[in-house]
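Protein chains in written order, with the numbering used here: chain A, 1 to 289; chain B, 290 to 583. Just so you know, even glycine gets a beta-carbon here, dropped at the ideal spot from N, CA and C.
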Amino acid sequence: MAYYGSRINPSRFHVSQLKIYAYLIPMALFMLLPIVFIFCHAFKPMDELFAYPPRFFVAKPTLENFERLFTATKTSTIPVSRYVFNSVLVTASVMFLGVLISSLAGYALSKMRFRTKKILFEINNAALMFVPIAVTIPRYLTIDLLGIVDTYFAHILPLLAMPIGLFLIKQFIDQVPDSLIEAAFIDGASDFMIYRKVVVPLVRPALATAAILAFQAAWNNIETSAIFINNESLRTLAFYMNTFALQTNIVVGQGIAAAGALIMFLPNLILFIILQSNVMNTMAYSGLK
Amino acid sequence: MKKNNSHPYLFLSPYILVFSVFIIIPVLIAIVLSFTNFNAIQFPDFVGFLNYINLLTQDEIFMQYVLPNTITFALIVGPGGYILSFFLAWSLAQLPKVPRTILALIIYSPSMTSGVAMAVVWRVLFSGDQMGYINSLLMRTGIITEPIQFLQSTEFLMPVMIIVALWSSMGVGFLAMLAGVLNTDETLYEAAAIDGIRNRFQEMFYITIPSMKPQMLFGAVMAIVNTFQTGAIGVQLSGSNPTPQYAGQLMVNHIEDYGFIRYEMGYAAAVSVVLLLIIYIFSYFSKKLFVERD
C-alpha cells in the first residue's frame, strides 16, 4: 500500500491514530499518577495516612488536612491568611508589572528603529539560559545594597526581569503588520497611544502567556521568602507550605503537606486551562534563530 | 517601520533597569567575587585564580561527586527530557484537537507543580520503610523482600532524582515544539509522500525537524535551563544538604553548601561561574546543531 503522508492536526479520528493512542494514553496516565496521588492524599483522614499496607486511593475523603493546615500557626503567631494575602499581592504585582514592562520593551524592540536594537535582543536571548539559582548570593548582595531586604519589593522586583516573557511578546509583536502602526502614526497617534490601542489588543495571547509564566514564577517562588526576607509576616504561602514539607517527622505532616501542595498546584492548573489556547497561539512564534 | 518621533529608550528603560539590576549585575558580582576570598562579613580580598585552582585541584568532593553527578544528571535529564518532549509533541500533533488538548494538558501539568511542594509527595511515595508506597508495592508483588532506602542510599537517590526531573520536564519547551509541529506546512508532507517518503519516521527526520528548527532550538535552551534549575531536588528529596554521602549532590547544592552553610562566598561564586559556563557551552552546541546556515 502506498504511503500518503501523515496528517498533522487531523480533523477527526482515523485508524492510524490508534497506535499513537496506544502509547500516549498509558504514558499520560503514568504522568498523572503523582498528581492523582496529591489529590487523594490531601483528602485522606488520619487513619488512612497511617494505614498499613498504604493505599493509593482515598476511601473516606475528609477536609481534616485542610482544616489543620489553616488552623496551624506553626512557627509563629501569624495566621495562614497573612501568607495567602502576601502571595496574592506579590503574584498579582509580578504578573501586572512584569507583563507591562515586558510588553513596553517588546514593542520598542519589535517596531521601533534604533541602533542598539539588535544587540539588546541578542543579550535578552542569551539571558534565556540564565539560571537564577546559580547567582543567589550576588542577588542577595544586590538586594541588600538596594536596601529592600524585608520589603515586598524584594519579592517583586527580582522576578520582573523575565527574558522569556520579553522574548515571546517581542516575537508575537513581530506578527503585527508595520502598515497598521504606520497608519496609526499618520493619524497622529503617539507611541504610547499606538502601544495601548493597537499593539496591546492585537497581542493579547502573548500577554496572557507571559502572565501565566509570571504567575508560575511568583506563586511557586520560595527563594525570595527564604533569602531576602527575615520578617515572618512578609513571607509567602509557598514558603509556609514548604515548612511542612521540610518537617523531619514526615508522617504527621504529610497529609497537611499534601493539602498544601494541592492548594499551590490548583491555581496554576485552572489558569492554564483558561488560557491554554492563547499559550498555544503564542508558542507558534517561539522559534529561536 | 517608523522612524520619527520615537522614544525607544522610554519604552525600554523599565525593563533594562530590572534586567541589569537582577541579571547582569549579579552575574558580574559573581565573576568579581570568584576572584576573592569573601566570608560575608569582612571586605573581600583579591586572591586571583586561587578559587578556581582550588576547585580543580583541592576540592575532592567536587571532583569525586559533584561534577560527575552533575554531568550524569545533565546528560540523562537534558537530552532525555528533550527527546521525550519532542516525541510526545510530535505524537500529539497527529491527533484531532480535543483528545490532543486533553493529553497535552496532562503531560504539561507536572511542570506546573512546584518542585518543593512536590518533594513531600515523592518523599511519601519513595519512603524508605515498608510504609512507603513504592516499597509496599514492590514487596507485595514479591520483587523485593526488604524495603529499599530509596532517598538515603547512594545507589537509588540519583535514579529517583532523574525520574522526578524527567517527570516534570515537559514544560514551555514541550509546548513550543507542539506548536512547531502543528505549524509545519502540510503541502510539504504531500510532496514528500509523492517523492517517496515511506513512513512517519522518515517524515519526522526529513520534513518535520528541518522545518521547525527555530522551535527545536528554543526547546533545547529550555531543556538545558530546566535541567540545571531542577538540580536542587536531591536536597529536597533526601532532606539534607549535603545529600547522603554526596550521592545526589549537584553543582547548585554545592554552591548553596559553600555560600550559605560555610559562608565561603568567594569560592561559591567561582562554582557559580563554572556552572554558568557549563550552561553556556551546552547552549552553544545546541545552537550549532539547529541554527540554519544561510
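Counting only the Cα atoms, alanine 557 (chain B) lies some 44 angstroms from threonine 390 (chain B).
The three-state secondary structure of aspartate 474 (chain B), taken from DSSP, is coil. At a C-beta separation below 8 angstroms, isoleucine 396 (chain B) has these neighbours in chain A: Met27, Ala28 and Met31. Within the segment 186 to 202 of chain A, those residues whose Cβ lies closer than 7 angstroms to any Cβ of chain B are, in chain order, Asp191.
Residue state for aspartate 418 (chain B) is assigned as coil, using DSSP reduced to three classes. Counting only residues of its own chain and dropping the five nearest sequence neighbours on each side, alanine 378 (chain B) has a CB closer than 7 angstroms to the CB of Phe463, Met466, Leu467 and Val470. Under the Cβ distance rule, histidine 155 (chain A) does not count among the residues neighbouring chain B, no pair being separated by less than 8 angstroms.
The three-state secondary structure of phenylalanine 121 (chain A), taken from DSSP, is helix. Interface flag for valine 307 (chain B) against chain A is set, since a Cβ pair is found closer than 8 angstroms.
If you check each beta-carbon in the segment 508 to 523 of chain B against every beta-carbon of chain A, the ones closer than 9 angstroms belong to Gly508, Ala509, Val510, Met511, Ile513, Val514, Phe517, Gln518, Gly520 and Ala521.
Taking a C-beta distance under 8 angstroms as the contact criterion, phenylalanine 239 (chain A) and tyrosine 140 (chain A) do not qualify as a contact pair. The three-state secondary structure of phenylalanine 265 (chain A), taken from DSSP, is helix. Of all residues in the segment 461 to 482 of chain B, the ones placed with a Cβ closer than 8 angstroms to any Cβ belonging to chain A are Val461, Leu464, Ala465, Leu467, Ala468, Gly469, Val470, Leu471, Asn472, Thr473, Glu475, Tyr478, Glu479, Ala481 and Ala482, in chain order. Between phenylalanine 114 (chain A) and chain B, the shortest Cβ-Cβ separation is below 8 angstroms.
Straight-line measurement puts the Cα of isoleucine 498 (chain B) at about 27 angstroms from the Cα of threonine 519 (chain B). In the DSSP assignment, phenylalanine 335 (chain B) forms a beta bridge with B:Thr325.
Interface annotation, serine 286 (chain A): in contact with chain B, CB-CB separation under 8 angstroms. In the structure shown, methionine 112 (chain A) adopts extended strand secondary structure according to DSSP, grouped into three states. Per DSSP, reduced to three states, the secondary structure at isoleucine 137 (chain A) is helical.
Going by C-alpha positions, asparagine 281 (chain A) is about 14 angstroms away from isoleucine 273 (chain A). Chain-order list of chain B residues neighbouring valine 135 (chain A): Pro315, Val316, Ala319 and Ser561, by C-beta distance under 7 angstroms. Per the coordinates, the alpha-carbon of phenylalanine 172 (chain A) lies some 6 angstroms from the alpha-carbon of alanine 206 (chain A).
Beta-carbon to beta-carbon, tyrosine 422 (chain B) and proline 54 (chain A) are separated by about 5 angstroms, close enough to satisfy the 8 angstroms threshold.
In the DSSP assignment, aspartate 187 (chain A) falls outside any alpha helix (DSSP H), carrying neither H nor E.
Unbroken alpha helix (DSSP H) stretches of 4 residues or longer found wholly inside the segment 144 to 222 of chain A: 152 to 160, 163 to 173, 178 to 186, 191 to 194 and 204 to 219, given in chain order. The segment 105 to 118 of chain A makes contact with the segment 159 to 179 of chain A, as at least three CB pairs between them are under 8 angstroms.
Annotation: the segment 400 to 471 of chain B contains the following complete segments of the alpha helix (DSSP H) (minimum length 4 residues), in chain order: 404 to 414, 422 to 429, 446 to 456 and 461 to 471. Between phenylalanine 30 (chain A) and phenylalanine 415 (chain B), the alpha-carbon positions lie close to 16 angstroms from each other.
DSSP, reduced to helix, strand and coil, places valine 510 (chain B) within a helical segment of the structure shown. Contact of phenylalanine 300 (chain B) with chain A is assigned, a C-beta pair being separated by under 8 angstroms. Following the DSSP letters along the chain, one finds threonine 359 (chain B) inside the alpha helix (DSSP H) bounded by residues 356 to 382.
If the five residues before and after isoleucine 38 (chain A) are omitted, its C-beta is found closer than 8 angstroms to the C-beta atoms of Ala258, Ala261, Leu262 and Phe265, all from its own chain and listed in chain order.
One alpha carbon belongs to leucine 364 (chain B), the other to phenylalanine 571 (chain B), and they sit about 10 angstroms apart.
Among the CB atoms of chain A, none fall inside 8 angstroms of the CB of methionine 450 (chain B). A straight-line Cα-Cα distance of about 43 angstroms links valine 58 (chain A) and isoleucine 137 (chain A). Where proline 34 (chain A) is concerned, the enclosing alpha helix (DSSP H) starts and stops at 18 to 42.
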